[in-house]
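This report refers to the structure that appears directly beneath it.
Protein chains: 2
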Amino acid sequence: MNPIKTHAIFKYAVFLVFFTTNCIQKPQEAEQAVPATQSPIDPQVAATIKSFFDEALSDRACYLMLEELCKDVGPRLSGSKGAEAAVAWAKKKMEDEGFDEVYLQEVMVPHWERGKEEEAHIVLEDGKKETLSFLTVGGSVPTPAGGITAEVIEVQSIDELAALGQENIRGKIVFFNQPFDQRNISQMASYGATVRQRTQGAIEAASYGAVASVIRSLSSSFDDVPHTGTMSYKSGLDSIPHAALGVKSAELLSKRLKAGSVTLHMKINSRIYPDARSHNVIGVLKGSEFPQEIITIGGHLDSWDVGEGAHDDGAGCVHALGVLRLFKKLGIKPKRTIRAVMFMNEENGLKGGIKYAENARDEKENHLVAIESDAGGFSPRGFGVTASDEQLEKVRSWLPYFNPNTIAFINKGGGGADIRPLYDVQGTPTIGLLTEGQRMFDYHHSANDVFEHVHPRELELGTASLTALVYLIDQNGF
Amino acid sequence: MNPIKTHAIFKYAVFLVFFTTNCIQKPQEAEQAVPATQSPIDPQVAATIKSFFDEALSDRACYLMLEELCKDVGPRLSGSKGAEAAVAWAKKKMEDEGFDEVYLQEVMVPHWERGKEEEAHIVLEDGKKETLSFLTVGGSVPTPAGGITAEVIEVQSIDELAALGQENIRGKIVFFNQPFDQRNISQMASYGATVRQRTQGAIEAASYGAVASVIRSLSSSFDDVPHTGTMSYKSGLDSIPHAALGVKSAELLSKRLKAGSVTLHMKINSRIYPDARSHNVIGVLKGSEFPQEIITIGGHLDSWDVGEGAHDDGAGCVHALGVLRLFKKLGIKPKRTIRAVMFMNEENGLKGGIKYAENARDEKENHLVAIESDAGGFSPRGFGVTASDEQLEKVRSWLPYFNPNTIAFINKGGGGADIRPLYDVQGTPTIGLLTEGQRMFDYHHSANDVFEHVHPRELELGTASLTALVYLIDQNGF
């Protein structure tokens, strides 16, 4: 037989392509690079874990729940009507699923509103204007009613302000234009390296006498959609208006500045209201053997006021809901108590996470571990673990239960903003879901963080991976 | 200090999120689960590999090349004008990059054209019609000029035909409605399990006397965009028209069939032309120490005639181009000869891959390894390796050079359709890039396989990962 006959080749094509990227379904058959000293796999545990994946991928329940949260509830910044609708939605969802207990945990949260008709433009010499893509940073004070018009001074980092000094900054609008470093494999690192221009920029600019500040959006994309987020002011310093420009607009402004001085007009109509009453939403499956040992799995229910909070953090909410749902649907009674917690106010105050930790301390709760999904509804890649070395090794020993196209590595260090207070108060170990996050900062805190940018299979692989982790902890202790 | 003071918490939030999903940039610092016996890392090699990632992620050259291939050239089925434009584009691109040698390798390829105005509808009793989303499978014969109108019989698999027998099938249109199994973590497995209804469906249906056949598209999505692909006929049997329905249309047809008998009208205006002259496009960097040892890295230049062949396999083409480009740009002179090969006719004949292998045999070329990227321009996850156990272990020993958010596992078995003939002829080891492929079969062979569905960072991580692999093989031999 001629091995390169066309007919045979057709079959090779199909077979080879199949062979090339097929990843096995049964974890025990996994062909992957794992330590030679890896733990033996318990076939029954593997079968249970496979059932989590089968179920999540088949019924796409979390994806459909996320659609409701994004499309029926929508944006849900703390203190807004959307946030209260989200609390009601989450509580009803948990009740409908028939969890052993569903309750609200009251928490006072900040209430800031953007207001309407915010805008910015470059004032051109002929009286015309060049409009910029502009979005007020969350928590910013408004401009005076007529807006602010001032000359712009550009810096690439906060550190440059000191070199320029008050004489060059006073009365101007500071423009922080540090871009994302595309070389970082994790764009979370790029976010970390630039986030201070958003969180601290208004403080630093004001300390040199600036009248306002604008930032290049913290974005990995090259589009012109601006990204918001939280910020701080400092008592004793002027609170100045602070906003973000789309990346293209930032580049345009920078280009104009290279040609000469630029006057910017910006208008913000934001308002800070008194703190509002809101809630964490908690659903419980009671442990059958060790009910006092609590495993928390959570995401945050609040989102920024643009977009739909699909990846940040609707995905984490439906993940948490989905974990308990899978236990119930598959008739698995946990030995330990599992709580799905939808935290309120992660984005601009963390009041829900703090309340949950304070309550745990006051009630002397025994939290075995707290897990958070707040890295978007993308394909799961690993877990980040803040725990003892023994606990870390324990999680690593479970790696063979996962298909390498789901969970492929376990990092030292990780958790989530909402569960960090529990670590601080009780030393509770924390675990965060790590995702295939190359697209995260294209959408994060922007109008692009919508349901359409979540892929059903990627989201549900996260649900199943988290359910497997919770199951392994529940079965083995931690 | 109160550890849960709000001000501190803001910083925790930023820090924690950073910490949680940050993956280090320097491979030598990687926190990952790797064998305790892992090979030591050479810091210089690690630095070179980091430079591949830095460069690819910064300049996005492959992404911009892919835009040209998708938007300026477009679809490029073998024998079409698009395919010839693609050959010219690829040759010029390689020449512009200044590779040591650029040449074409002539190959005769099939030439099939869809024709215009293909359509299908359910014939309703009142003379009205219900139009279905419909796409002829590549290679199908046309219907008679007036189309075919016949009763439909649905099966879930080819095996069901035997049970039905000729008496139930003769004169009808067979409807193969096997869906993707969403439970498979790799949708490549789902593709493999259903692909026979496309490749063999017309043969099997004809063998029972059917007048035509339609299939449910081989798709992981739930939309109504139909997917094409290749198919076979068998001499001695009627060649009957064969086409794909969008998933929603397939479900509609199935629903109508549950209510009673259904008559379908379908019209196809395809045409088979004489074989056409076309080319593989080959660019070379000459080895400085072992020029006779050849490392081939390839993708296929042809695509289906709908969409833009962005993931399948424009991505693989710019990956191959990008590997040589990075060597040149960074001034790395390879010890061995590296060839970027853009194969012609993977989709419906594999004539380019066969020609390349025949030529290698005739010229007694020494191929060290052949690598293919044909799993889409998604984030890289691993490599599949068809080689000796020693060679497999060698590749696995390189795992620590990769950030786990890029290459996290090495599978036994893998390659690509275009390089399989080289394995058959010479026993050349083959390696295929494995990707985060949850979205692949939403787009594959459909009008949705367009540039807009490729993410720049995901694509470029593939470029850099492949360059690192080629570099490691070049430096260490294989």
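Protein chains in written order, with this note's numbering: chain B, 9 to 486; chain P, 9 to 486.
The beta-carbon is built from N, C-alpha and C at its ideal position, and this holds for glycine as well.
Asked: By Cβ distance, which residues of its chain are closer than 6 Å to residue 414(B), with the 5 residues on each side in sequence left out?; Found: 388, 469 and 473
Asked: Of the residues that make up the segment 404–435 of chain B, which ones have a beta carbon closer than 7 Å to any beta carbon in chain P?; Found: 404, 407, 411, 412, 413, 414, 416, 417, 418, 419, 420, 421, 422, 423, 424, 425, 428, 429, 432 and 433
Asked: Residue 65(B) versus chain P: which residues are under 7 Å apart at the beta carbon?; Found: 190 and 191
Asked: Answer yes or no: the CB of residue 414(P) versus the heavy atoms of the ligand HEM, is any distance below 7 Å?; Found: Among the components of this structure there are no ligands whatsoever, and the ligand HEM is therefore not found.
Asked: Helix, strand or coil for residue 145(B)? Go by DSSP, reduced to three states.; Found: coil
Asked: Applying a beta-carbon distance threshold of less than 7 Å, which residues of chain P neighbour residue 389(B)?; Found: 413
Asked: Quick one: what's got a C-beta closer than 8 Å to residue 230(B)'s C-beta in the same chain, skipping five residues either side?; Found: 255 and 256
Asked: For residue 8(P), which residues in the same chain have their Cβ closer than 6 Å to its Cβ, ignoring the five residues on either side in sequence?; Found: Look at the range of chain P in this structure, 9 to 486, and you will see that residue 8(P) is not part of it.
Asked: Give, in chain order, every unbroken run of the alpha helix (DSSP H) that is at least 4 residues long and sits entirely within the segment 115–139 of chain P.; Found: none
Asked: Using a beta-carbon distance below 8 Å, is residue 466(P) in contact with chain B?; Found: yes
Asked: What in chain B is Cβ-close to residue 444(P), meaning under 7 Å?; Found: 387 and 444
Asked: Since residue 202(B) contacts residue 226(B) with CB under 8 Å, what's their CB separation in whole angstroms?; Found: 5 Å
Asked: Can you list the residues of chain P that residue 61(B) reaches, using a CB-CB cut of under 8 Å?; Found: 191 and 193
Asked: So residue 216(B) is in the beta strand (DSSP E); what residue range does that whole segment cover?; Found: Taken as a continuous stretch (DSSP letters only), residue 216(B) belongs to no beta strand (DSSP E), as it is neither H nor E.
Asked: Using the three-state DSSP reduction, which class does residue 48(P) fall into: helix, strand or coil?; Found: coil
Asked: For residue 267(B), which beta-bridge partners are listed by DSSP?; Found: Looking at the DSSP assignment, residue 267(B) forms no beta bridge with any residue, so it has no partner.
Asked: Give the DSSP bridge partners of residue 441(B), in chain order.; Found: 391(B)
Asked: I'd like to know whether the C-beta of residue 463(P) is nearer than 8 Å to at least one C-beta of chain A.; Found: Chain labels in this structure do not include chain A; the protein chains are B and P.
Asked: Counting only Cβ pairs nearer than 7 Å, list the residues of chain P close to residue 285(B).; Found: What residue 285(B) touches in chain P: nothing, since even the nearest Cβ is about 17 Å away.
Asked: Identify which residue in 330(P), 237(P), 280(P) and 343(P) has its Cα closest to the Cα of residue 451(P).; Found: 237(P)
Asked: Quick one: Cα of residue 464(B) to Cα of residue 366(P), how far?; Found: 44 Å
Asked: Ignore the nearest five residues each way along the sequence and tell me which others in residue 224(P)'s own chain have a CB closer than 7 Å to its CB.; Found: 184, 185, 186, 187, 253, 255 and 258
Asked: Does chain B have any CB closer than 8 Å to the CB of residue 41(P)?; Found: For residue 41(P), the pLDDT reaches just 41, beneath the cut-off of 50, and the residue's location in the model is therefore unreliable, leaving the point undetermined.
Asked: Cutting at 6 Å between CB atoms, please list the residues of its own chain near residue 482(P), excluding the five before and the five after it.; Found: 342, 343 and 344
Asked: Can you confirm whether residue 36(P), when its beta carbon is compared against all beta carbons of chain B, has any partner nearer than 8 Å?; Found: Any reading at residue 36(P) must be qualified, since the residue scores a pLDDT of 29, below 50, and its modelled position is unreliable; the value itself is stated next. Answer no: the Cβ-Cβ gap between residue 36(P) and chain B never drops below 8 Å.
Asked: Spell out whether any CB of chain P is found under 8 Å from the CB atom of residue 11(B).; Found: With a pLDDT of 34 at residue 11(B), under the threshold of 50, the predicted position of this residue should be treated as unreliable, though the coordinate-derived value follows. It does; some Cβ of chain P falls within 8 Å.
Asked: For the beta strand (DSSP E) that contains residue 378(P), what are its first and last residues?; Found: 374–380
Asked: Verify the CB distance criterion: does residue 447(P) have a CB-CB separation below 8 Å to chain B?; Found: yes
Asked: In chain order, what residues of the same chain have a beta carbon less than 8 Å from the beta carbon of residue 110(P), not counting five sequence neighbours either side?; Found: 99, 102, 103, 289, 290, 291 and 292
Asked: To the nearest angstrom, how far is the alpha carbon of residue 333(B) from that of residue 412(B)?; Found: 24 Å
Asked: Let's see if you can read the secondary structure: which residues bound the alpha helix (DSSP H) around residue 429(P)?; Found: 428–434
Asked: Do you know offhand how far residue 43(B)'s Cα is from residue 401(B)'s?; Found: The predicted model places residue 43(B) with a pLDDT of 43, which falls under 50 and marks its position as unreliable; any figure quoted below should be read in that light. Taking the straight line joining both Cα atoms gives about 12 Å.
Asked: Answer with buried or exposed for residue 480(B), where buried requires no fewer than 16 other C-beta atoms within 10 angstroms of its C-beta.; Found: buried
Asked: Keeping to the same chain, check which residues put their C-beta closer than 6 Å to that of residue 392(P); ignore five residues upstream and five downstream.; Found: 419, 421, 422, 440 and 442
Asked: Out of 485(B), 51(B), 369(B) and 348(B), state which residue places its alpha-carbon closest to the alpha-carbon of residue 304(B).; Found: 348(B)
Asked: Can you tell me whether residue 496(P) is buried or exposed, with buried defined as 16 or more other CB within 10 angstroms of its CB?; Found: Chain P is shown only over 9 to 486; residue 496(P) falls outside these bounds and no answer can be derived.
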